[in-house]
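If you're matching positions, the sequence shown starts at 0 in numbering that gives the first Met the number 0 and goes up one per residue.
Don't be surprised by glycine CBs; every beta carbon is placed ideally from N, CA and C.
Structure first, commentary second.
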Amino acid sequence: MRALPRRTVSLAASALAAALLTTGCSEIQQVSEGVDRAQQCIQAAGIVTDTMAKVTGLLNDPAGMEKALNDGAAKLGDVADKAANTSLKEAADGVAGSLEAINVQNANDAVDAAQKVAADGVKWAEQLTNAC
Numbered sequence: 000m001r002a003l004p005r006r007t008v009s010l011a012a013s014a015l016a017a018a019l020l021t022t023g024c025s026e027i028q029q030v031s032e033g034v035d036r037a038q039q040c041i042q043a044a045g046i047v048t049d050t051m052a053k054v055t056g057l058l059n060d061p062a063g064m065e066k067a068l069n070d071g072a073a074k075l076g077d078v079a080d081k082a083a084n085t086s087l088k089e090a091a092d093g094v095a096g097s098l099e100a101i102n103v104q105n106a107n108d109a110v111d112a113a114q115k116v117a118a119d120g121v122k123w124a125e126q127l128t129n130a131c
C-alpha cells in the first residue's frame, strides 16, 4: 500500500475542518435564532400583561389610558417588525391592532376600555404564546 502524499492529506484535513466549522456554525445559528424567538415571545407577552396592568391603574385618567394603549400597540408593532417567525409577527400585529382600535376619550370610554382589556388580555397573551 502506497502512502498518500502530504499535500493530499493536508487538503483533506482542511476540507474536513471547513465542513465541521460550517456545520457547527449552522447549529449555533439555529440555537441563536431559537433564543431570539423565545426572547421575542416573552417580550410580546410581557407587553400585553404590562399594558393590562397600566390600563387597570388608569381608570381615572382617560388620556393616560389612551397613551398606555397606544404605547403597548407600538411596542408590539416593534416586536412584530423584528420577528423572524411569521406566526409571531402576525399575532403581534393583530394584538397591536386590537389595542390601537380602543379609543379612550372620556371616563365612560375608560371604563369600557378597562373591561375590554381585562376580558381580552388573556386571549391576546395566549395568541402570542401559541404563535411561539
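Residue i versus residue j - alpha carbon distance
i, j, result
"Thr55", "Ala113", "6 angstroms"
"Gly96", "Asp80", "14 angstroms"
"Pro61", "Val116", "14 angstroms"
"Ile27", "Ile41", "Residue confidence for Ile27 is low, a pLDDT of 45 falling below 50, so the modelled location carries little weight and cannot support an answer."
"Gly120", "Leu68", "12 angstroms"
"Gln39", "Lys122", "18 angstroms"
"Met64", "Ala83", "31 angstroms"
"Asp70", "Asp35", "22 angstroms"
"Thr48", "Lys66", "16 angstroms"
"Ala118", "Asp111", "11 angstroms"
"Asn105", "Thr50", "19 angstroms"
Distance CB(residue i)-CB(residue j) smaller than 8 angstroms
i, j, result
"Ala37", "Leu75", "no"
"Ala130", "Ser86", "yes"
"Val103", "Leu127", "no"
"Leu58", "Ala109", "yes"
"Ala72", "Glu89", "no"
"Val78", "Ile46", "yes"
Endpoints, the alpha helix (DSSP H) within which residue i is located
i, result
"Asp77", "61 to 81"
"Val110", "106 to 130"
"Leu87", "85 to 100"
Neighbour flag for residue i against chain D, beta carbons, 8 angstroms
i, result
"Gly71", "Going by chain labels, chain D is absent from the structure shown, which holds only one protein chain."
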